[in-house]
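Using this note's numbering, read the sequence shown as starting at 5 and increasing by one per residue. One structure is given below, encoded as structure tokens.
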Amino acid sequence: MQIQILKSKIHRVTVTEADLDYIGSITIDEALMEAANIIENERVDIYNITNGERFSTYVIKGERGSGVIGINGAAAHKAPVGSLLIIASYAIMDFDEAKQWHPTVIFPKDNKLS
5 MQIQILKSKI
15 HRVTVTEADL
25 DYIGSITIDE
35 ALMEAANIIE
45 NERVDIYNIT
55 NGERFSTYVI
65 KGERGSGVIG
75 INGAAAHKAP
85 VGSLLIIASY
95 AIMDFDEAKQ
105 WHPTVIFPKD
115 NKLS
């Protein structure tokens, strides 16, 4: 049996830009992506702490060290600039493997690593 389990989480970052006219996705500072073990084009779930909205999208790499968290396309309606977010990705693995799994969770301060 396989189950879906938390792989990576970026806890409490702030949206710095929103572009309704972009095709879609979330832009994340490359340093945050690496620290959280998230890769470009990976599907992520976005949990908006500010307004309760939830949605899924894919990741685009942002400039390293910039602190950018950009919501693109229609999702910009769900997470405007200033919104506080949790970004999570999940993996599918065998049940026994999942029992031993430890996700990567980071807690950036002001969208940057300490």
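Here a beta-carbon is modelled for each residue, glycine too, at the ideal position from N, C-alpha and C.
**Study point:** For Y51 and L89, believed in contact at Cβ under 8 Å, the rounded distance
**Key:** 7 Å
Review point. Got a sec? Which residues, its chain only, sit under 6 Å from V17 by beta carbon, not counting five neighbours each side?
Key: Here V17 has I73, L89, P112 and N115 as same chain residues with Cβ atoms under 6 Å from its own Cβ, once five neighbours each way along the sequence are excluded.
Exercise for review: Would you list the residues sitting across from M97 in a DSSP beta bridge?
Suggested key: Per DSSP, I7.
Check your understanding: When we look at the beta-carbon of K103 and count the other beta-carbons within 10 Å, is it buried (16 or more) or exposed?
Key -> exposed
**Study point:** Nearest-angstrom Cα separation, counted from G86 out to S70
**Key:** 16 Å
**Study point:** Limits of the beta strand (DSSP E) - the one that A22 falls within
**Key:** E21 to D23
**Study point:** Boundaries of the alpha helix (DSSP H) in which E38 is found, first to last residue
**Key:** E34 to A40
Review point. Who are the near neighbours of I27 in its chain, counting only those whose CB is closer than 8 Å to its CB and skipping five residues on each side?
Key: For I27, where only same-chain residues beyond five positions count, the Cβ hits under 8 Å are N76 and G77.
Check your understanding: I think D23 touches A80, with their Cβ atoms under 8 Å apart; what is that distance to the nearest whole Å?
Key -> Taking a contact as a CB-CB distance under 8 Å, the pair D23 and A80 counts as one, their CB atoms being some 6 Å apart.
**Study point:** Close-in-space but distant-in-sequence residues of the same chain around S60 (CB under 8 Å, 5 per side omitted)
**Key:** R47, V48, D49 and I50
Review point. From H15 to I91, what distance separates their C-alpha atoms?
Key: 7 Å
Check your understanding: Relative to the C-alpha of G66, which residue among Q8, E44 and D25 is closest?
Key -> With respect to the C-alpha of G66, the residue from Q8, E44 and D25 having the closest C-alpha is E44.
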